[in-house]
């Protein structure tokens, strides 16, 4: 669809196009009554006609609209679920994007400006991550530039949720990534997490500092191979005026394994600022940062795990005053050849050279599969590129009744009690909302879903999500789940309940860096999804906005398995025959 000046669309009047890309076209438009100018993004037909992409788009944009942050583009409105077109209206930022600044400074921006723009974006991303929202497509084109009275420019991040919609598309023929800035796990169809955005933000910092993308190559396959195998580039090679400490910042941000990167985008920005200020002890790594939620190991244990940006030079011993003394080669010198697994020595170089053709051939096949067959590539959770999920301790295992799936473990335990607030959402109340007040974050509650196919025992876990458990019990006791049907959600779960809001909502209790496993019980926004919960019968790669609040018994999983056909595609009519007669809460 191409809109012309003066056309009316979605209740707006089109002024002119602002730009276009693979996902759609952005127009400058105005509200006819409010006289407010907006950026109107109209997504392409591939997404608009794909049911899964539409659901993901509507969910993600609704989440993004909750943000009120100076560095996140405000979302005003979006298309209705029944609208044949897919669009959203956003805050109009008049200064263009970071690519416009790079066009005027092809060798890179002033270092302090580049780092401050990244700090703006980092603050926006950390805010989104805290709410369980990932961006997935951080790049200069999504950093809009606004004038700021306190300084020259301010970065405002846009396009939250768009990449997730393309990820969910079953008809799109490519991955929802911009190759130049994508983390290795994106190409390998492994779960995304906040450090995935850290990697892309690091790539963007490199581009702003040097005027070049991190891995400039001639083909998508070569770019992907570089992200997967090549060591991070060193900005000081392209710009000798940059401090060598920034090389380590980029090396840490672009580490191949997520666990070796900065734990947050704010940490990346702080390290970059320290590098410019000449504070290498902070800029060179993350050892001095305190522990954060989701950290798989203490910072001190991980301070030396990040690989150096280049392998050490086997022929030249570093001098005490050289940057190489801290593990970095001279900023003007490149080794002849490098890889993440390279080690000094002629035998190692011979092995690498002899295997290069084979490695590249295999890698090219992986590239092709990742691009054209994304639905066929799955992570089994054993890859060295990701940390295994936290395992229950002995004391926690003793609290799990026999025959139930072990629950996930919160990286940081919740206080006891937790104060829960259940907020009216402006919709007609269907049940009495729970009272606000303290709720215990300890212990479990047994429940049983009585269905026409058999009983499905559940174990509700207050340590995971006490306010969600409290809400679920209240809804069940008021009959909100009686005589409801189930529907296919995705190929990993079935969704059961009522799509109408119960009249209230609560803050998300989801935590990031969670692997969604077979046997988990989860819910999301009541206001958006209604009184609906989901039963996972297979491991899934999901955006971390879903709150896991319990697990399913082995007996219950057998009941669910009996209904899942071998060729289940997420839309099987057989699942609609599953009727929940009631949910019994024990105790």
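Numbering (our numbering), first residue to last: -8 to 578.
Beta carbons: idealized from backbone N, C-alpha and C, even for Gly.
Residue 434 is bridged by DSSP to nothing; it lacks a bridge partner. Annotation: the stretch 91 to 149 contains the following complete segments of the alpha helix (DSSP H) (minimum length 4 residues), in chain order: 102 to 121. According to DSSP, residue pairing for residue 446 in a beta bridge involves 441.
For residue 243, the enclosing alpha helix (DSSP H) covers residues 236 to 244. The residues 408, 409, 411, 457, 458 and 461, in chain order, have a CB closer than 7 Å to that of residue 430 in the same chain once the five nearest residues on each side in sequence are set aside. For residue 486, the enclosing beta strand (DSSP E) has its first and last residue at 484 to 489.
For residue 68, the enclosing beta strand (DSSP E) begins and ends at 66 to 69. Secondary structure at residue 414: strand, using DSSP grouped into helix, strand and coil. Excluding sequence positions up to five before and after residue 446, its CB lies within less than 6 Å of the CB of 439, all in the same chain and listed in chain order. The beta carbons of residue 463 and residue 395 sit no closer together than 9 Å. In the three-state DSSP reduction, residue 461 falls in the helix class (H, G or I). A Cβ-Cβ contact shorter than 9 Å links residue 29 with residue 80.
Here DSSP, grouped into helix, strand and coil, assigns residue 550 to helix. Exposed is the label assigned to residue 210, since fewer than 16 other Cβ atoms lie within 10 Å of its Cβ.
Shown here, residue 34 sits in a strand according to DSSP, grouped into three states. Taking a cut-off of 8 Å for Cβ pairs, the stretch 85 to 104 and the stretch 128 to 143 touch, as three or more such pairs fall below it.
By the neighbour-count criterion, in which 16 or more other beta carbons inside 10 Å mark a residue as buried, residue 186 falls on the buried side. Bridge partners of residue 495 according to DSSP: 415.
Short of 8 Å from the beta carbon of residue -2, and not among the five residues preceding or following it, lie these beta carbons of its own chain, in chain order: 4 and 5.
Residue 177 counts as buried, since at least 16 other C-beta atoms from the protein chains shown sit within 10 angstroms of its C-beta.
Sequence-distant Cβ neighbours of residue 219 in its own chain, meaning closer than 6 Å and more than five residues away, are 175. Under the three-state reduction of DSSP, residue 88 is assigned to strand. A contact is defined here as three or more CB-CB pairs under 8 Å, and the stretch 219 to 234 fails this definition with respect to the stretch 255 to 263.
The DSSP-derived three-state label of residue 251 is helix.
Here residue 557 is not near residue 493, since their CB atoms are 9 Å or more apart. Bounds of the alpha helix (DSSP H) holding residue 187 are 185 to 201.
In this structure, residue 256 and residue 188 form a Cβ contact; the two beta carbons are roughly 6 Å apart against a cut-off of 8 Å. Each of 207, 402, 465 and 24 was checked against the Cα of residue 425, and the nearest Cα belongs to 465. Taking a C-beta distance under 9 Å as the contact criterion, residue 525 and residue 449 do not qualify as a contact pair. Within the DSSP secondary-structure output, residue 452 pairs in a beta bridge with 435.
Exposure of residue 433 is indicated by the presence of fewer than 16 other C-beta atoms within 10 angstroms of its C-beta.
The shortest CA-to-CA distance from residue 15 to any of 31, 233 and 142 is the one to 31. Ranked by Cα distance from residue 33, the first of 43, 24 and 20 is 20. With a 10 Å radius around the Cβ and a threshold of 16 neighbouring Cβ atoms, residue 45 comes out buried.
Listed in chain order, the non-local C-beta contacts of residue 115 below 7 Å within the same chain comprise 60, 62, 63 and 148, local neighbours out to five positions each way being set aside.
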